[in-house]
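**Student:** Take this structure first; my questions come after.
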Amino acid sequence: MNKQKLADIILRIGIAFSFIYAAIGGYTDPNSWIGYFPEFIKKMIPETTLLSLWGGFETILALWILYGKNIFWPSLVASLSLAGLILTNLGAMDIIFRDVTILATTIALTIQSFPRKTIQM
Numbered sequence: 041m042n043k044q045k046l047a048d049i050i051l052r053i054g055i056a057f058s059f060i061y062a063a064i065g066g067y068t069d070p071n072s073w074i075g076y077f078p079e080f081i082k083k084m085i086p087e088t089t090l091l092s093l094w095g096g097f098e099t100i101l102a103l104w105i106l107y108g109k110n111i112f113w114p115s116l117v118a119s120l121s122l123a124g125l126i127l128t129n130l131g132a133m134d135i136i137f138r139d140v141t142i143l144a145t146t147i148a149l150t151i152q153s154f155p156r157k158t159i160q161m
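Just so we're aligned, residue 41 is where the sequence shown starts under my numbering, counting upward by one.
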């Protein structure tokens, strides 16, 4: 296995772990996780439903990233969801600062896997 492929696998495992961990945490300790959602979303969707839906979303995203096929799309979605989390929780930067690092990793994976179209002449 070449270095690039090994690095790619390690990146994907690390990203997937963070999403799986958050999904499990939302189920096992919902009170610790619900506070990261913006108030306007919590007013629209009951908290238990919101955590269940989000946990399912995170699990599917993590599994797709682990699977590694068409990795551009789950990497992009992961980047957007992390950016949203960070932007709506700037006041909690002492807690979410690690999410900035995960965001940088998902952006790198998105850039690395950006679909390139070749022009044939």
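Glycine included, C-beta positions come from ideal geometry on N, C-alpha and C.
1) Taking 8 Å as the threshold (C-beta atoms), are L120 and I136 in contact?
2) For T150, which residues from the same chain have a beta carbon less than 7 Å from its beta carbon, with the 5 sequence-adjacent residues on both sides left out?
3) Entirely within the stretch 119-154 and at least 4 residues each: give me those alpha helix (DSSP H) ranges in chain order.
4) Out of curiosity, what's the CA-to-CA distance linking T158 and Q152?
5) Using a Cβ distance threshold of 8 Å, determine whether the stretch 46-60 contacts the stretch 79-90, with at least three qualifying pairs required.
6) For T158, does the three-state DSSP call read helix, strand or coil?
7) Could you pull out every residue in the same chain whose Cβ sits closer than 7 Å to the Cβ of N129, ignoring the five residues on either side in sequence?
**Tutor:** The structure says:
1) Numbered from its first residue, the sequence shown carries residue 136 at position 96. Numbered from its first residue, the sequence shown carries residue 120 at position 80. The answer is no: Cβ separation not under 8 Å.
2) In the sequence shown, counting from the first residue as 1, residue 150 sits at position 110. The residues are F112, S115, L116 and S119.
3) Fully enclosed alpha helix (DSSP H) runs of 4 or longer: 133-152.
4) Residue 158 sits at position 118 when you count from the first residue of the sequence shown. Residue 152 sits at position 112 when you count from the first residue of the sequence shown. Unreliable positioning characterises T158 in this predicted model, as indicated by a pLDDT of 49, which lies under 50. A coordinate reading is not provided.
5) No contact exists between the stretch 46-60 and the stretch 79-90.
6) Mapped onto the sequence shown, residue 158 falls at position 118. The predicted position of T158 is uncertain, since its pLDDT is 49 and thus under 50; no value can be drawn from it.
7) Position 89 of the sequence shown, counted from the start, is the residue given in the question as residue 129. Taken in chain order, the residues that qualify are Y76 and I136.
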